[in-house]
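Asks: Please see the structure below; I have some questions.
2 protein chains.
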Amino acid sequence: MTERREELLRAAVSQIEERGVAAVRIADVASALGVSNALVLYHFSTKEKLVAEAFAYAAEDDLTHLRKLLGRRTTALRRLRAAVRWYAPTGQAKGWRLWIEGWAAALREPALREVARNLDREWKAAITEVVAEGVAAGEFRCPDPAAAAQRLTALLDGLAVQMTVYEGTVSRARTREWVDEALAGELGVERAELTAARS
Amino acid sequence: MTERREELLRAAVSQIEERGVAAVRIADVASALGVSNALVLYHFSTKEKLVAEAFAYAAEDDLTHLRKLLGRRTTALRRLRAAVRWYAPTGQAKGWRLWIEGWAAALREPALREVARNLDREWKAAITEVVAEGVAAGEFRCPDPAAAAQRLTALLDGLAVQMTVYEGTVSRARTREWVDEALAGELGVERAELTAARS
DNA sequence: CGTAGAACTGAACGGCCGGTCAGTACAGTG
DNA sequence: CACTGTACTGACCGGCCGTTCAGTTCTACG
Numbered sequence: 001m002t003e004r005r006e007e008l009l010r011a012a013v014s015q016i017e018e019r020g021v022a023a024v025r026i027a028d029v030a031s032a033l034g035v036s037n038a039l040v041l042y043h044f045s046t047k048e049k050l051v052a053e054a055f056a057y058a059a060e061d062d063l064t065h066l067r068k069l070l071g072r073r074t075t076a077l078r079r080l081r082a083a084v085r086w087y088a089p090t091g092q093a094k095g096w097r098l099w100i101e102g103w104a105a106a107l108r109e110p111a112l113r114e115v116a117r118n119l120d121r122e123w124k125a126a127i128t129e130v131v132a133e134g135v136a137a138g139e140f141r142c143p144d145p146a147a148a149a150q151r152l153t154a155l156l157d158g159l160a161v162q163m164t165v166y167e168g169t170v171s172r173a174r175t176r177e178w179v180d181e182a183l184a185g186e187l188g189v190e191r192a193e194l195t196a197a198r199s
Numbered sequence: 200m201t202e203r204r205e206e207l208l209r210a211a212v213s214q215i216e217e218r219g220v221a222a223v224r225i226a227d228v229a230s231a232l233g234v235s236n237a238l239v240l241y242h243f244s245t246k247e248k249l250v251a252e253a254f255a256y257a258a259e260d261d262l263t264h265l266r267k268l269l270g271r272r273t274t275a276l277r278r279l280r281a282a283v284r285w286y287a288p289t290g291q292a293k294g295w296r297l298w299i300e301g302w303a304a305a306l307r308e309p310a311l312r313e314v315a316r317n318l319d320r321e322w323k324a325a326i327t328e329v330v331a332e333g334v335a336a337g338e339f340r341c342p343d344p345a346a347a348a349q350r351l352t353a354l355l356d357g358l359a360v361q362m363t364v365y366e367g368t369v370s371r372a373r374t375r376e377w378v379d380e381a382l383a384g385e386l387g388v389e390r391a392e393l394t395a396a397r398s
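Structure below.
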């Protein structure tokens with residue numbers, strides 16, 4: 001991946017976040033970098049491809065971040081807590097807007113669907129693995145790590161929608177409580193053990 | 200609401216489902232009914248308004264259906280099970296596509312955000328009420344009906360995304376199990392009580 | 001120096017689509 | 001019958017935006 005391409009993809013992602021998938025124009029991406037429209041089409045032959053690659057780029061970013069969190073050298077419990085709290089829409093909702101729009105776009109464009117599906121699969125696989133590690137290490141128990149990962153993901157996605165779309169309906173603190181409770185529930189530990197765990 | 204308007208709104212909803220919010224053209228709605236483009240603009244002065252009203256119309260439909268389910272004369276447990284199973288993305292995902300697109304569109308258009316927010320609020324209020332009824336009747340217990348409704352809704356929304364966008368990743372049967380478990384968990388009953396309950 | 005190819009641009013093209021407008025048909029009213 | 005308001009249409013316009021293309025600049029290489 002050349003320097004220019006990455007620069008263009010970053011600009012595309014930020015423009016999509018700002019204006020929405022439906023509304024981004026090639027001119028927005030171009031002028032954000034002070035280059036000509038034609039240059040964008042020179043690197044990505046069509047707008048569709050630009051958008052698809054931008055989402056893939058953002059997904060790669062998210063996965064890298066997740067793997068960094070899950071790769072730390074601590075207990076599985078702490079790593080899971082860190083991951084889930086990062087993914088939880090407790091922080092800034094910036095990233096979530098992108099994925100909510102991504103879901104909608106994925107309903108129509110197969111290329112985007114593949115990107116979203118892949119991100120989802122990788123995310124769940126990573127979580128599942130760490131849960132399994134924790135179980136193997138005797139930290140907690142979980143009869144079906146993969147199922148637990150799916151349920152947690154679903155809850156987090158749903159909470160993200162509520163926090164992002166219906167902004168202000170649920171408090172961040174409340175959301176965090178629920179996420180912690182759900183994680184504790186899935187792992188069969190007390191919530192106190194979670195909140196006490198220092199990262 | 201006149202006859203023509205409703206007809207146009209129904210056509211708009213089905214065209215949005217078919218082509219997506221971003222891609223619907225006024226011409227699609229018009230030709231679906233065999234009328235002129237100009238007629239659509241005659242009734243709804245602008246495309247934006249047409250789309251917003253179409254979503255509001257669909258939301259009203261969903262709420263009417265929900266209230267019918269929750270208004271039946273049975274135990275609260277049975278009514279809740281019926282509502283949650285209907286809302287769950289177990290059936291045809293047709294309606295869900297609309298709301299996933301609605302969330303994305305709501306991120307940009309305030310009018311749509313209001314529609315989505317309203318649907319969400321009404322849905323949760325209705326569920327909360329029936330949970331409270333069940334508690335009052337001693338059918339089950341639930342320390343915080345409103346919170347339970349929010350958690351359930353979040354899980355359902357999240358599962359809907361997975362079922363709809365990543366079609367085929369999770370089986371319908373599995374989803375139903377999880378939804379039943381979550382409901383049972385919130386109400387402090389055994390899942391067997393739920394599945395046994397004949398509607 | 002000469003040439004090739006990559007990176008990049010300005011200008012223009014062309015299709016699409018929301019919106020406008022000047023009308024027509026028709027029903028109701030007095 | 002004349003008049004008015006409503007529902008509706010066909011034709012057209014104008015802007016927007018993705019895409020194309022014929023160049024220009026710059027770098028690398030022999």
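Protein chains in written order, with my numbering: chain U, 1 to 199; chain Y, 200 to 398.
C-beta atoms are modelled at their ideal positions from N, C-alpha and C, and glycine is treated no differently.
(1) Please list, in chain order, the residues of the region 300–327 of chain Y that have any C-beta partner in chain U closer than 8 Å.
(2) Classify residue 45 of chain U as helix, strand or coil using the three-state DSSP reduction.
(3) Which whole-angstrom value is the C-beta distance of residue 311 of chain Y and residue 251 of chain Y, which I expect to be below 8 Å?
(4) Measure how close the beta-carbons of residue 191 of chain U and residue 180 of chain U come, nearest whole angstrom, since I'm counting them as under 8 Å.
(5) So, with DSSP's three-state summary, where would you put residue 232 of chain Y?
(6) Under a three-way DSSP split, which group does residue 260 of chain Y fall into?
(7) Which chain U residues are close to residue 353 of chain Y, counting only those with a beta carbon under 7 Å from its beta carbon?
(8) Is the separation between the beta-carbon of residue 148 of chain U and that of residue 186 of chain U shorter than 8 Å?
(9) Assuming residue 76 of chain U contacts residue 134 of chain U (C-beta within less than 8 Å), just tell me the rounded distance between them.
(10) Do you know offhand how far residue 199 of chain U's Cα is from residue 72 of chain U's?
(11) Exposed or buried, which one is residue 27 of chain U when buried takes at least 16 other CB atoms within 10 Å?
(12) At a Cβ cut of 9 Å, what residues of the region 2–30 of chain U count as close to chain Y, listed as they run along the chain?
(13) Can you tell me where the alpha helix (DSSP H) with residue 87 of chain U in it begins and where it stops?
(14) Along chain Y, which residues have their Cβ under 7 Å away from the Cβ of residue 151 of chain U?
(15) Can you list, in chain order, the residues of its chain with a C-beta nearer than 6 Å to that of residue 24 of chain U? Leave out the 5 residues immediately preceding and following it.
(16) Let's test the definition: count the other Cβ atoms within 10 Å of the Cβ of residue 200 of chain Y and tell me whether it reaches 16, buried, or not, exposed.
(17) Look at the alpha carbon of residue 326 of chain Y and the alpha carbon of residue 279 of chain Y, and state the distance between them as a whole number of angstroms.
(18) Name the residues in the region 266–299 of chain Y whose C-beta lies less than 7 Å from a C-beta of chain U; which are they?
(19) Quick check on residue 369 of chain Y - is its C-beta less than 8 Å from some C-beta in chain U?
(20) Once you ignore the five residues that flank residue 19 of chain U on each side, which residues in its own chain have a CB closer than 7 Å to its CB?
(21) Taking 8 Å as the threshold (beta carbon to beta carbon), is residue 184 of chain U in contact with chain Y?
(22) I want to know whether the region 358–367 of chain Y touches the region 236–253 of chain Y - three or more CB-CB distances under 8 Å.
(23) Would you call the region 92–105 of chain U in contact with the region 135–145 of chain U, where contact means no fewer than 3 C-beta pairs closer than 8 Å?
(24) Identify which residue in U/100, U/65, U/99 has its Cα closest to the Cα of residue 201 of chain U.
(25) Quick check: the Cα distance between residue 298 of chain Y and residue 107 of chain U, rounded to an integer number of angstroms?
(26) When the Cα atoms are used, what is the spatial distance from residue 205 of chain Y to residue 285 of chain Y?
(27) Measuring straight from C-alpha to C-alpha, what distance separates residue 308 of chain Y and residue 189 of chain U?
(28) I think residue 399 of chain Y touches residue 262 of chain Y, with their Cβ atoms under 8 Å apart; what is that distance to the nearest whole Å?
(29) Any idea if residue 145 of chain U is buried or exposed, counting beta-carbon neighbours within 10 angstroms, 16 or more meaning buried?
Replies: Reading it off the structure:
(1) 300, 302, 303, 304, 305, 306, 307, 312, 315, 316, 319, 320
(2) Taking the first residue of the first sequence as 1, we reach residue 45 of chain U at position 45. The answer is coil: DSSP assigns residue 45 of chain U none of H, G, I, E or B.
(3) Sequence index remark: in the second sequence, residue 311 of chain Y carries index 112 (1-based). Sequence index remark: in the second sequence, residue 251 of chain Y carries index 52 (1-based). Indeed they touch by this definition, with Cβ atoms about 6 Å apart.
(4) Here residue 191 of chain U is taken as the residue at index 191 of the first sequence, counted from 1. Here residue 180 of chain U is taken as the residue at index 180 of the first sequence, counted from 1. That pair is a contact at about 6 Å.
(5) Position 33 of the second sequence, counted from the first residue, corresponds to residue 232 of chain Y. It is helical.
(6) Residue mapping note: residue 260 of chain Y aligns to position 61 of the second sequence, counting from 1. If DSSP states are grouped into helix, strand and coil, residue 260 of chain Y belongs with the helices.
(7) Taking the second sequence and counting its residues from 1, the one referred to as residue 353 of chain Y is at position 154. Ordered by position in chain U, the residues that pass the 7 Å Cβ test against residue 353 of chain Y are 155, 158, 159, 162.
(8) For the purposes of this step, residue 148 of chain U is taken as the residue at position 148 of the first sequence. For the purposes of this step, residue 186 of chain U is taken as the residue at position 186 of the first sequence. Contact flag set, yes.
(9) Residue numbering aside, residue 76 of chain U sits at position 76 when the first sequence is read from its first letter. Residue numbering aside, residue 134 of chain U sits at position 134 when the first sequence is read from its first letter. With 8 Å as the limit, residue 76 of chain U and residue 134 of chain U qualify as a contact, their Cβ atoms being about 3 Å apart.
(10) Looking up residue 199 of chain U in the first sequence gives position 199. Looking up residue 72 of chain U in the first sequence gives position 72. Reliability fails at residue 199 of chain U, whose pLDDT of 46 lies under 50, so the model's placement of it is uncertain and the value that follows must be treated cautiously. Going from the Cα of residue 199 of chain U to the Cα of residue 72 of chain U covers about 10 Å.
(11) For the purposes of this step, residue 27 of chain U is taken as residue 27 along the first sequence, with counting starting at 1. When all chains shown are included, residue 27 of chain U counts as exposed.
(12) 19, 20, 21, 22, 23
(13) The sequence position of residue 87 of chain U within the first sequence is 87, counting from 1. It spans 76–87 - the alpha helix (DSSP H) in which residue 87 of chain U sits, taken as one unbroken run.
(14) The count along the first sequence starts at 1 and reaches residue 151 of chain U at position 151. Result: 377.
(15) Numbered from its first residue, the first sequence carries residue 24 of chain U at position 24. The answer, listed in chain order, is 15, 16.
(16) As a working note, residue 200 of chain Y is residue 1 in the second sequence. The residue in question, residue 200 of chain Y, is exposed, as its Cβ has fewer than 16 Cβ neighbours within 10 Å.
(17) Along the second sequence, read from residue 1 onward, the residue named residue 326 of chain Y stands at position 127. Along the second sequence, read from residue 1 onward, the residue named residue 279 of chain Y stands at position 80. Their backbone Cα atoms lie some 7 Å apart in a straight line.
(18) 296, 299
(19) Along the second sequence, one-based indexing puts residue 369 of chain Y at 170. Chain U, which has a Cβ nearer than 8 Å to the Cβ of residue 369 of chain Y, makes this yes.
(20) Walking along the first sequence from the start, residue 19 of chain U turns up at place 19. Within the same chain, residue 19 of chain U has close Cβ partners 28.
(21) Here the question's residue 184 of chain U lines up with position 184 in the first sequence. Chain Y contact via Cβ: absent.
(22) no
(23) no
(24) Residue coverage of chain U in this structure runs from 1 to 199, which leaves residue 201 of chain U outside it and unanswerable.
(25) Counting from 1 along the second sequence, the entry for residue 298 of chain Y is found at position 99. Counting from 1 along the first sequence, the entry for residue 107 of chain U is found at position 107. One C-alpha to the other measures close to 12 Å.
(26) Here residue 205 of chain Y refers to the residue found at position 6 when the second sequence is read from its first residue. Here residue 285 of chain Y refers to the residue found at position 86 when the second sequence is read from its first residue. Spanning the two alpha carbons is a distance of roughly 25 Å.
(27) Position 109 of the second sequence, counted from the start, is the residue given in the question as residue 308 of chain Y. Position 189 of the first sequence, counted from the start, is the residue given in the question as residue 189 of chain U. Near 42 Å, if we compare the C-alpha coordinates of residue 189 of chain U and residue 308 of chain Y.
(28) Past the boundaries of the shown model lies residue 399 of chain Y; chain Y is included only from 200 to 398, so the question cannot be answered.
(29) Taking the first residue of the first sequence as 1, we reach residue 145 of chain U at position 145. With 16 or more other Cβ atoms within 10 Å, it is buried.
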